[in-house]
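A short worksheet on the structure shown next.
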Amino acid sequence: MSTVEERKQLIKEVLDTYPEKARKKREKHLGVYEEGKSDCGVKSNKKSLPGVMTARGCAYAGAKGVVWGPIKDMIHISHGPVGCGYYSWSGRRNYYIGTTGVDTFGTMQFTSDFQERDIVFGGDKKLKKIIDELDELFPLNNGMTIESECPIGLIGDDIEAVAREKSKDIGKTVVPVRCEGFRGVSQSLGHHIANDTIRDWVFKPQDGQESDFDSTPYDVAIIGDYNIGGDAWSSRILLEEIGLRVVAQWSGDGTLEEMKLTPNVKLNLIHCYRSMNYISRYMEEKYGIPWLEYNFFGPTKIAESLRAIAAQFDETIQEKAEEVIAKYEPTANEIVAKYRPRLEGKKVMMMVGGLRPRHVVPAFKDLGMEIVATGYEFAHGDDYKRTTNYVKDSTVIYDDVTGYEFEKFAEALEPDLVAAGIKEKYVFQKMGLPFRQMHSWDYSGPYHGYDGFAIFARDMDLALNSPTWDLIKAPWKK
Amino acid sequence: MAQDPNNIKDHVELFHQPEYQELFERKQKCEGMAPPEEVAKYAEWTKTWEYREKNFAREHSVINPAKACQPLGAILAAVGFEETLPFVQGSQGCVAYFRTHFSRHFKEPFNAASSSMTEDAAVFGGLKNMIDGLANSYTLYKPKMIAVCTTCMAEVIGDDLGAFIGNAKNEGAVPKDFPVPFAHTPSFVGSHITGYDNMMKGILSNLTKDQKKETTNGKINFIPGFETYSGNLRELKHLIGAMGVNATVLADNEHNLDSANTGEYKMYHGGTPLAEAADSINAEATFALQTYTTPKTLQYIEKEWGQKTAAFRPWGIKATDEFLMALSEATGNPIPAELELERGRAVDAMTDSQAWVHGKKAAIYGDPDLVMGMLQFMLELGIEPVHVLVTNSTKEFEAEAKALLESSPYGQQATVWGGKDLWHLRSLLFTEPVDFLIGNSYGKYLWRDTKTPLIRIGYPLFDRHHLHRYSTIGYNGAINLLNWIVNSVLDELDRNTIIPSKTDISYDLVR
């Protein structure tokens, strides 16, 4: 049997345990990539099945946790009961510079802490008072967003009316974000909803206004980099080195002003396509700004991306791009020379969110590692299409993998490393499998750019080659 | 400067290199932020009494609260029972958050399923999700029990768990005799400790149905409460074992949340056997180790089971003494020499260290029972609590805390701040500074801002490893608490005396 056939058989066996109704639905989300096909052959962006233990989150997580939360100079109000804001408080490592509680608010939790009476009588009045209180206590805030939690949409509150009224009152941007957790099938709709609110509540109010922004031909924005562990900074440094001016970071370490300036840029550079393609497409249609996806994981893709970006500009930029690549390549080669022999041929299973299930693949390849399975929590069809450019024949592809499936696949595929999230981490470590969190970089990072690749290589090595894994089996049981 | 392959710098050092410092300067130009002088001015203002008054005048906004919502507590209660899968009816994001939260604290897998309700369920109700969800969970994860609670979505649309579970059983989602206890756990009522209470009551009422016998089983039930120290489960079992108590722990999540790495992953570890839990209705009595996490459960046990109940809080010496004496009375067994020795060691340690903590001023926040326990212990050591803050407070807690503080000469300076949050505490620490702060990992922001050293005791503990594996109860727990407190005080003393030729005259070798 070919490897493809073997793995198809594995999927069939894993599916066999499901009740029939669930099996029929799940089988469409599991597949094996076959070389030359233009698609991974899995369905995506469908409802998770009840009771299967999905890793997915909700629209609130996508809107507040991902898109809006990192905008550092705005206050983000988790509107509803206390839990959503509490659980998402400071969890994502969106690094920023600022005096928290004075001019920046990223690692704070603002909540309307709904009580039963708020559910019964509605929370609009309370929300207005909250905005006044917060504006008084934090006068340097540059605006606020209101992220709706589940009850808000169910009790019929009008947060848009509140936002309009209070924006006038306090003279600042106030953005209502209808990201109730029951909307859509995952975080993904939350990204979209948040993108749309940027269009409607940040861009539209300033359309037609004179801008005194001093443009240059080299202005770009970094879109869809949440600066986890400083990723956006170790990307930005390369863009600046090739002669571009980065006007805005969306949204890691970003500000409202940076967002507002973005319609002036010449090119939008998108890292996480999934979470911010919507606003990029809008800027293309409305302001004629082209966008380009890039990948700053691992030296191969970094060089390729720098050249592709430079190609959008004139020869001076192209020359500088070559200089920058030439400057960093020797170190990158040394990193590879140091770590590749320790990692060569190791098999990796991944399961992450937005772009990483594909974008990190080349960084692993640079280190001689092989991806045997990958999948996304909340991808759409276009993500899986893009994935075909990254994976090789017989790679197992799972969409919205369940806890049960992931465990069974790992047992059968016997990877050397699993790269997923915190909910998976300890499951696989208990199996004796080295693991790295691919959302938070396991509290390390940055992993983007040349500086980040060195850290990535170091971390994969320390995970895989830790002497602790050899201690698991008691000697009398060997 | 590119990375040096022999000395790779991660975020801790990388961004302090000149090229990144220059990058940050360039970035500022487009940020539209207030100038540094203005930021400094407002930063100073937030430290003032004037700001404190404005801050405490807040009526509606909550900033950095020290509480979570009900279902978090509910699923912690559930995983204490043998092979039990928590199942949360409502939106799926909540469960992703709960699992993340517990995994970050315990550094363990935490399994729980969601019924993944979406817009259509918001309109038509979540019955179909419940039926399919129970069938899927039962088939895939082969639990012996599924414990159901709710998110606020299911509560707002009015899903009726009892009826839904009945329907699901009729549809064959799970066998008719398969236990599916439930609790409604609206997140807009109470906090995570309320959810613990509701779920515990739900599980016990389900499992003990029709189990009442004529005679007692001679056992005592112990309810740990919303317990996030796996060491406390071990210490509890140690104490009741040493006392020769025939006991049932309701429920024992120690092994699920502190399992061995054997190279083989198992979803379920230990837990209170369901048969034993079912028989808990026939016990002599039920003792809780927390008061505010178990009021409904204890009331139910007294009323429905006709059992006497009592709540203890064996933190520190005196409260552990009381607990053991109560066990001695209940069982007729004497307190063994082993525990007397432990007591003696703990007291010895406290007399050894007392000079370094006597009269130190402390701030503390956390769940009501943890705060009460720590107050008991601090007063025994001669530490003077000043700010006592509990976000998920109750009138009963406040009365109990005030009575305790008033009873001690060391409690006279304390104010109990019920229903306040950590932004309030920031103002308190700036305007009335203390020597140290006791709280969970979120206290690190208060440490950074106010320079008050943080001693991490509470939940969650995200940024330090293994603290939750230790006990805080019993005599052994007292030594752990003392260790954390006195050595934090000494570390701080060293930090404050470490500058050569300036402050290091007091940088003593022997303390």
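As you go down the protein sequences, you meet chains A and B in turn.
Going from the first sequence to our numbering is simple: count from 1 and add 64.
Going from the second sequence to our numbering is simple: count from 1 and add 880.
A virtual CB, placed ideally from N, CA and C, is assigned to each residue, including glycine.
It should be emphasised that the depicted structure is a prediction, and the values quoted were computed from it without experimental measurement.
- Listed along the chain, the chain A residues whose CB falls inside 8 Å of the CB of B/Asn1213 amount to none; the nearest CB is some 36 Å away.
- As computed with DSSP, A/Asp289 is found in a beta bridge with A/Ser315.
- At the C-beta level, A/Ile262 and A/Cys243 stay beyond 8 Å of one another.
- B/Asn991 has a beta carbon lying within less than 8 Å of a beta carbon in chain A.
- If you draw a straight line from the Cα of B/Asn1213 to the Cα of B/Leu1361, it comes to about 28 Å.
- By the criterion of a C-beta distance shorter than 7 Å, A/Lys89 is surrounded in its chain by Leu113, once the five residues flanking it on both sides are discounted.
- For B/Cys1029, the enclosing beta strand (DSSP E) covers residues 1025–1030.
- Around A/Leu535, the same chain offers no residue with a beta carbon nearer than 7 Å, after the five sequence neighbours per side are excluded.
- If you draw a straight line from the Cα of B/Ala1168 to the Cα of A/Val116, it comes to about 34 Å.
- Beyond the five residues adjoining it in sequence on each side, A/Thr175 comes within less than 6 Å, by CB distance, of Ser142, Val146, Gly149 in the same chain, given in chain order.
- The beta carbon of B/Thr1295 sits closer than 8 Å to the beta carbons of Val1266, His1267, Val1268 from its chain, once the five residues preceding and following it are set aside; these are given in chain order.
- The region 492–501 of chain A makes contact with the region 520–531 of chain A: 3 or more CB pairs, one atom from each, lie closer than 8 Å.
- Contact between A/Lys537 and B/Gly1143 holds: their C-beta atoms lie close to 6 Å from each other, under 8 Å.
- With contacts defined as CB atoms closer than 8 Å, B/Leu1317 and B/Pro1333 qualify as a contacting pair.
- Under the Cβ distance rule, B/Gln901 does not count among the residues neighbouring chain A, no pair being separated by less than 8 Å.
- Note that the C-beta distance between A/Phe520 and A/Tyr507 is not below 8 Å.
- Close partners of A/Asn206 in chain B (Cβ separation under 8 Å): Gly912, Met913.
- Cβ-Cβ distances below 6 Å link A/Tyr97 to Cys104, Val455, Thr459, Ile461 in the same chain, with the five nearest sequence neighbours on each side left out; the list follows chain order.
- Chain order gives no chain A residues near B/Gln1234, where near means a beta carbon separation below 8 Å; the closest approach is about 36 Å.
- In this structure the region 1092–1106 of chain B touches the region 1124–1131 of chain B; the number of beta carbon pairs closer than 8 Å is three or more.
- The C-alpha of A/Val412 lies about 9 Å from the C-alpha of A/Val425.
- Flagged as an interface residue toward chain B: A/Ala119, by a C-beta distance shorter than 8 Å.
- The beta carbons of B/Met1079 and B/Gly1262 sit no closer together than 8 Å.
- Annotation: B/Gln972 is outside any beta strand (DSSP E); the continuous alpha helix (DSSP H) that includes it extends over 972–986.
- The continuous alpha helix (DSSP H) containing A/Asn397 extends over residues 379–407.
- Among the residues facing chain B, A/Val146 is included, as its CB has a counterpart in that chain under 8 Å away.
- In the displayed model, B/Asp884 falls within a strand according to three-state DSSP.
- The beta carbon of A/Ser508 falls within 8 Å of a beta carbon belonging to chain B, placing the residue at that interface.
- Here A/Gly509 is not near A/Asp317, since their CB atoms are 8 Å or more apart.
- Residue-level contact by beta carbon holds for A/Val491 and chain B, with a gap shorter than 8 Å.
- Within the region 1134–1154 of chain B, the residues whose Cβ lies closer than 9 Å to some Cβ of chain A are Ser1139, Ala1140, Asn1141, Thr1142, Gly1143, Glu1144, Tyr1145, Lys1146, Met1147, listed in chain order.
- Across the structure, A/Gly362 and A/Asp523 are spaced so that their CA atoms are roughly 13 Å apart.
- Residues of the region 947–961 of chain B that bring their beta carbon within less than 9 Å of a beta carbon in chain A comprise Lys947, Ala948, Cys949, Gln950, Pro951, Leu952, in sequence order.
- Using beta-carbon distances, A/Ser275 does not count as an interface residue toward chain B, since no partner is under 8 Å.
- Contact annotation for A/Asp182 against chain B: Phe1068 [CB-CB distance below 8 Å, chain order].
- Take B/Met1254, set aside five residues on each side of it, and the residues of its chain with a beta-carbon closer than 7 Å to its own are Trp1195, Ile1244, Ile1318, Ile1337, in chain order.
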